[in-house]
Amino acid sequence: MFFVLMKKFDLLLLLCLFCTAGYAYDRKCNASVKAGQSLNVIASPAQSGRVSRTSGSGDTTWYTNFTYPDTLTVFQVASGDSGYYTGTNVYGDKGFAERYSLNSADSTVAVIGVYALFAGTVNGASAHNATFKVWSMGDPITVAQQVSYSGFPVSISDSVMVPFTQLGIGPVADTQKSFYFPPPWVNTGSTFFVGFTLDYSFETLNGDTISLQCTKNGERNSPAYTVQVNISGTDTTTDTILQVQNATMYADGNWYDNYTQNDSIFNNLAVFPIVVIGNPNGVNSVSRNNLAFMGNMPNPADAYTDILVNLSQPDDVVVSVNDLNGRVVAVRDWKGLANGPHSLRFNTANLAPGAYIYTIRTANGAGIASKLEVVR
Numbered sequence: 200m201f202f203v204l205m206k207k208f209d210l211l212l213l214l215c216l217f218c219t220a221g222y223a224y225d226r227k228c229n230a231s232v233k234a235g236q237s238l239n240v241i242a243s244p245a246q247s248g249r250v251s252r253t254s255g256s257g258d259t260t261w262y263t264n265f266t267y268p269d270t271l272t273v274f275q276v277a278s279g280d281s282g283y284y285t286g287t288n289v290y291g292d293k294g295f296a297e298r299y300s301l302n303s304a305d306s307t308v309a310v311i312g313v314y315a316l317f318a319g320t321v322n323g324a325s326a327h328n329a330t331f332k333v334w335s336m337g338d339p340i341t342v343a344q345q346v347s348y349s350g351f352p353v354s355i356s357d358s359v360m361v362p363f364t365q366l367g368i369g370p371v372a373d374t375q376k377s378f379y380f381p382p383p384w385v386n387t388g389s390t391f392f393v394g395f396t397l398d399y400s401f402e403t404l405n406g407d408t409i410s411l412q413c414t415k416n417g418e419r420n421s422p423a424y425t426v427q428v429n430i431s432g433t434d435t436t437t438d439t440i441l442q443v444q445n446a447t448m449y450a451d452g453n454w455y456d457n458y459t460q461n462d463s464i465f466n467n468l469a470v471f472p473i474v475v476i477g478n479p480n481g482v483n484s485v486s487r488n489n490l491a492f493m494g495n496m497p498n499p500a501d502a503y504t505d506i507l508v509n510l511s512q513p514d515d516v517v518v519s520v521n522d523l524n525g526r527v528v529a530v531r532d533w534k535g536l537a538n539g540p541h542s543l544r545f546n547t548a549n550l551a552p553g554a555y556i557y558t559i560r561t562a563n564g565a566g567i568a569s570k571l572e573v574v575r
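Numbering (the working numbering), first residue to last: 200 to 575.
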């Protein structure tokens with residue numbers, strides 16, 4: 200079996216896991232933290248206005264934060280230089296992936312790359328690389344009778360290798376950057392994961408300690424598990440599906456669910472697929488959490504483009520347009536949008552002709568990126 204399961208649950212233990220608050224075991228810091236206790240986790244380095252602080256009572260968020268409009272904070276996984284929660288660390292974690300769902304009626308939805316925000320420190324002479332990938336989702340993995348994981352990353356659909364020096368990590372400010380897969384671009388056809396893998400030895404990093412940004416613990420909006428009802432004649436059974444929203448590949452080369460197997464972290468990773476929907480018609484969509492994206496039109500655009508989204512619950516939305524070097528050139532936000540479909544009109548009249556990447560993010564940390572062409 201490709202996946203190694205760290206814990207097995209029966210249904211009673213599963214319900215206890217989601218319905219009770221108690222100890223959270225942290226393999227990174229090798230400590231148990233009880234609600235009301237304090238764990239000394241320091242933030243370093245303090246870059247570009249990021250807040251360096253010691254964790255408060257009961258604080259179990261020892262990783263970077265990325266959400267709109269929160270302040271960005273970079274956390275080490277422990278005091279000293281042991282690395283970061285979502286990147287290089289002394290435990291040798293090798294990969295990080297976030298799940299997206301695809302509803303496609305045809306083959307016009309393509310994943311052409313990844314948009315990500317990193318932090319940390321990179322040696323100017325670094326020879327290390329990160330490989331960005333899009334994976335298909337594997338079959339459900341049984342952990343107990345009528346309890347299973349929804350699936351982990353399996354087959355690689357596309358990939359691109361990027362040197363650490365090109366991840367957008369700077370001495371003054373870090374930059375969101377786009378990383379394109381080589382064409383022909385892929386249509387995943389179903390649920391998929393995007394993320395990256397690393398090949399390194401912590402002892403020989405020579406100052407390369409990088410981290411993918413992510414939201415605060417608890418800001419993930421998708422369910423931890425869902426219950427599937429099976430009816431056969433007069434018999435009814437239920438299956439509990441543990442929903443793998445994001446996962447970490449440990450040094451053993453196997454994927455682990457971040458919530459049930461990796462310190463009960465309930466967050467979103469700041470890695471977004473760059474998707475192109477060739478026929479924006481309200482049917483094709485890519486979604487994460489409460490945000491579904493159906494494309495934009497017209498594209499190419501002259502004076503404006505309408506970005507089609509659907510929210511499963513009320514939320515704030517911000518659209519940020521970046522040039523291909525990662526510089527923000529235009530931003531607009533919509534506060535207090537109701538649940539349901541929306542056409543977000545974005546003014547492109549002041550943008551120079553050319554190609555851009557734009558991201559749609561919600562206040563709870565969901566995000567998707569796409570490509571925009573401006574013509575005159």
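Glycine included, every Cβ here is placed at the ideal spot set by N, Cα and C.
Note that the structure is a prediction, hence the values are computed from the model and not measured.
Nearest-angstrom Cα separation, counted from Gly312 out to Leu468: The straight-line gap from Cα to Cα measures roughly 16 Å.
Residues bridged to Val530 [DSSP beta-bridge criterion]: In the DSSP output, where bridge partners are listed per residue, Val530 has Ser519.
Helix, strand or coil at Glu572 according to DSSP, with G and I counted as helix: The DSSP-derived three-state label of Glu572 is strand.
Cβ neighbour criterion (16 or more within 10 Å) applied to Val520: So Val520 ends up on the buried side.
Assumed close pair Phe471, Tyr314 - CB separation to whole angstroms, cut-off 8 Å: Contact holds; Cβ gap of about 5 Å.
Environment of Asp456 [buried if 16+ CB atoms lie within 10 Å]: Asp456 comes out buried.
Every unbroken beta strand (DSSP E) inside the stretch 298-341 [3 residues or more]: Counting only runs of 3 or more, we get 308-315, 317-320, 328-336.
Cβ pair count under 8 Å reaching 3, the stretch 356-372 against the stretch 392-410: The answer is yes - the stretch 392-410 touches the stretch 356-372, with three or more Cβ pairs under 8 Å.
Straight-line gap, Thr374 to Val518 (C-alpha atoms, nearest Å): If I take the Cα positions, the gap works out to 16 Å.
C-alpha gap between Thr425 and Ser281, whole angstroms: So the alpha carbons of these two residues sit roughly 36 Å apart.
Sheet register partners of Lys376 (DSSP bridge): Lys376 is bridged to Ala315.
Where Phe392 falls: helix, strand or coil (DSSP): If DSSP states are grouped into helix, strand and coil, Phe392 belongs with the strands.
CA-to-CA distance, Val573 to Pro499, given in whole angstroms: Put simply, the backbone Cα of Pro499 is about 5 Å away from that of Val573.
For Phe465, three-class secondary structure by DSSP: In the three-state scheme derived from DSSP, where H, G and I count as helix and E and B as strand, Phe465 is classed as coil.
Identified DSSP bridge partners for Asp576: Shown here, the chain extends from 200 to 575; a query on residue 576 therefore has no answer.
Residues sharing a beta bridge with Arg487, DSSP: Answer is Leu490.
Own chain partners of Asn328 with C-beta closer than 6 Å, once the 5 adjacent residues on each side are dropped: Spatial neighbours of Asn328 in its own chain (CB-CB distance under 6 Å, excluding positions within 5 residues in sequence) are listed in chain order as Met360, Pro362.
Collapsed DSSP secondary structure at Gln427 in the structure displayed: Reduced to three states, the DSSP call for Gln427 is strand.
Rounded separation between Asp292 and Ala446 - CA only: Their backbone Cα atoms lie some 11 Å apart in a straight line.
Three or more C-beta pairs below 8 Å linking the stretch 450-464 and the stretch 537-549: No, because fewer than three Cβ pairs between the stretch 450-464 and the stretch 537-549 fall closer than 8 Å, the two stretches do not touch.
Contact the stretch 496-510 vs the stretch 553-572: 3+ CB pairs below 8 Å: These segments touch.
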